[in-house]
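Residue numbers (this note's numbering): 65 to 783.
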């Protein structure tokens, strides 16, 4: 198990080469135990991992590919993928660097059995997306590959200026993009639907139409937004496997996790001390790092022993103002903007049997039933959440839906689909009338397209009506479930976590007005200021090479592909900077945005690909004045979920003791914690403006006394 797994089990082994990624693994207790497959690896029928190699016969490299398991690989001598080869496939050098059983040797070409197929077959998909990986320390590369999985899909995506070339393959294989199942011509493009005509191929005569439905504003398990956007136009020809719609965090069919921003490596007023990041207001104003988040809230109405819960607009002791967003069934309407504490779904639950007062008995005699026999149990917006209601879903058990509601939904469905079908027929009529000289094939195509869509609509309508008739499959005792989805736009704010692809992560410390940011000689203000001290000790120099090549790429208006272990060399980056008429060393004089004075030293500047990670300040920020207390210790609960307080532990006590702040410490350990009478008296004293009384005995001390008494020790307090 995890506790007994030693260093040998977790460490990288020579048999991992080309099979298991040596970089991508968690940082915590699972390090080395949870791993991922390398790029070209596959699992054979015996469950063993194989990796492909090119066969070498008598010193000549062939195009024959053979997959080897780790035990078979130990029998052979294998050359590296970027060993120089002539046009005939012969090795150019007399001694070639090779691997054999984990040793690195120089051998003559005749002794070589196989050759790697690619320099990147060593690593997995996540590490393969890091440009200049070979210039990064493995610890930071590990963080970089893990953090790419935490990137939040942004409102507008942008492909990286410096890429490794596998972005399209990763996006396509991830399944978030929509690819064409068959070759054909795009007939119709809507936000949520793409229709492709495949009838030109004789094989597809029977079924000539492909309809692709796109996901629009769906919630992911991470509360981010899944939205697919068409990337093809009407009339465009598509081939089989071509990307026809982008998904979340993809751009033109390639993976796009972040944005290219202008970074400068310099200190700025201490705001980028210890991995903090200084950010320009432009990133907020222009929605550079804005993301869309969708949260789901659920409430159910059950059958209880004392009666049934009910979803209703009629809630006791709630004013009309609080009900303004609810419809006649007590459910919030789609499009309402809600704030913390607002009611989303009105729900009442029966009160438990209590002893009736004489007044209640009198009312019962007069009116024949209990007055106010239900209590409010409505679903409300939790603290710290606001946004628009995107969708409401109601699930009802079979037989529990009222006849009126069933009729109403059925009628609405009929009207909706009848309108869609009549619109389609109208569209067909116009298309046929507009073009007089249509060939028979074209007329047939228009008719088939229309009929195919009409059949699809009829199938969908039937499915909706079937679901309505059957009811939803809900757990026992649950009559109704209501789900409410709230969507919100989150701009980058102080406290959000940003990261590059090289393990260079940090937290936004301050958002500075654009005019105060340091600027280039041509007046362009930088977007992000990073601390230069964050590079030497961490040895992730790849970020500097990426920034410089990115700067040249932006000026030249191209994307640079730099595959790992086979990427751009320093001299090539210098040549590109020179071609773009930029300083060859990547350093330039910056001017202070506050004073306009030039900086004393030249500063390294460049375009870096930065991602916004899922650790957002809005999800973590928490504050409490008074709230729930623990029943045993009478101390506040802990954690945001319980609306708890902050723990004041022993080390914090020592810190206050070190300052000699006795009264502050007493307040922390008594009234602000578990002195029940003391905190009540303190509130009264503050309200009345009287001096605060002495603190009482903390509840935790009373619990200790009771424990000791339970052990048979007579502990009593002396007055």
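A virtual CB, placed ideally from N, CA and C, is assigned to each residue, including glycine. Small disclaimer: the values here were computed from a predicted structure and weren't measured.
Distance CB(residue i)-CB(residue j) smaller than 8 Å
i: residue 556; j: residue 353; result: yes
i: residue 605; j: residue 328; result: no
i: residue 673; j: residue 564; result: yes
i: residue 566; j: residue 200; result: yes
i: residue 856; j: residue 734; result: No answer is possible for residue 856: it lies beyond the span of the chain, which begins at 65 and ends at 783.
i: residue 394; j: residue 413; result: no
i: residue 227; j: residue 625; result: yes
i: residue 222; j: residue 323; result: yes
i: residue 785; j: residue 302; result: An answer regarding residue 785 cannot be provided, because it is not within the stretch 65 to 783 covered by the chain.
i: residue 43; j: residue 572; result: Outside the displayed span of the chain (65 to 783) sits residue 43, for which this structure offers no information.
i: residue 121; j: residue 180; result: no
i: residue 97; j: residue 114; result: no
i: residue 105; j: residue 83; result: yes
i: residue 117; j: residue 551; result: no
i: residue 617; j: residue 225; result: yes
i: residue 646; j: residue 619; result: yes
i: residue 241; j: residue 313; result: no
i: residue 652; j: residue 582; result: no
i: residue 366; j: residue 360; result: no
i: residue 431; j: residue 485; result: no
i: residue 670; j: residue 614; result: yes
Opposing strand residues paired with residue i [DSSP bridges]
i: residue 257; result: 254, 277
i: residue 374; result: 412
i: residue 164; result: 167
i: residue 368; result: 371
i: residue 243; result: 307
i: residue 570; result: 562
i: residue 785; result: The shown model of the chain, from 65 to 783, leaves out residue 785, and the question about it has no answer.
i: residue 288; result: 357
i: residue 324; result: 673
i: residue 575; result: 343
i: residue 440; result: 412
i: residue 149; result: 155
i: residue 698; result: Residue 698 pairs with nothing; no bridge assigned.
i: residue 396; result: 390
Three-state secondary structure (DSSP) of residue i
i: residue 455; result: strand
i: residue 318; result: strand
i: residue 637; result: helix
i: residue 407; result: strand
i: residue 742; result: helix
i: residue 88; result: coil
i: residue 70; result: coil
i: residue 709; result: strand
i: residue 357; result: strand
i: residue 310; result: strand
i: residue 294; result: strand
i: residue 302; result: strand
i: residue 491; result: helix
i: residue 390; result: strand
i: residue 435; result: In this predicted model, residue 435 has a pLDDT of only 47, less than 50, meaning its place in the structure is not dependable enough to derive any value.
i: residue 551; result: strand
i: residue 589; result: strand
i: residue 335; result: coil
i: residue 779; result: coil
i: residue 384; result: coil
i: residue 723; result: helix
Would you say the region 575 to 588 touches the region 694 to 702, given that touching needs at least three Cβ pairs under 8 Å? no
Entirely within the region 100 to 134 and at least 3 residues each: give me those beta strand (DSSP E) ranges in chain order. 113 to 121, 124 to 132
Taking only runs of the beta strand (DSSP E) that begin and end inside the region 592 to 675, which ones reach a length of at least 3 residues, in chain order? 592 to 594
Would you be able to state if there are at least three C-beta pairs under 8 Å between the region 700 to 717 and the region 583 to 601? no
Segments of 3+ residues assigned as beta strand (DSSP E) that fall wholly inside the region 514 to 538: none
Measuring CB atoms only, is the region 341 to 352 touching the region 284 to 301, in the sense that at least three cross pairs come out at less than 8 Å? no
Three or more beta-carbon pairs under 8 Å between the region 207 to 214 and the region 191 to 199, yes or no? yes
For the structure I just gave you, are there three or more beta carbon pairs, one from the region 613 to 631 and one from the region 180 to 188, closer than 8 Å? yes
Decide yes or no for the touch test of the region 529 to 536 against the region 643 to 659: beta carbon pairs closer than 8 Å, at least 3 of them. Under the 8 Å Cβ criterion, the region 529 to 536 does not count as touching the region 643 to 659, having fewer than three qualifying pairs.
Would you call the region 169 to 179 in contact with the region 151 to 161, where contact means no fewer than 3 C-beta pairs closer than 8 Å? yes
Between the region 232 to 244 and the region 317 to 325, can you find at least three pairs of beta-carbon atoms closer than 8 Å? yes
Would you check if there are 3 or more beta carbon pairs closer than 8 Å linking the region 158 to 174 to the region 138 to 150? yes
4 or more residues per run - each alpha helix (DSSP H) lying fully within the region 180 to 215: 189 to 192, 202 to 211
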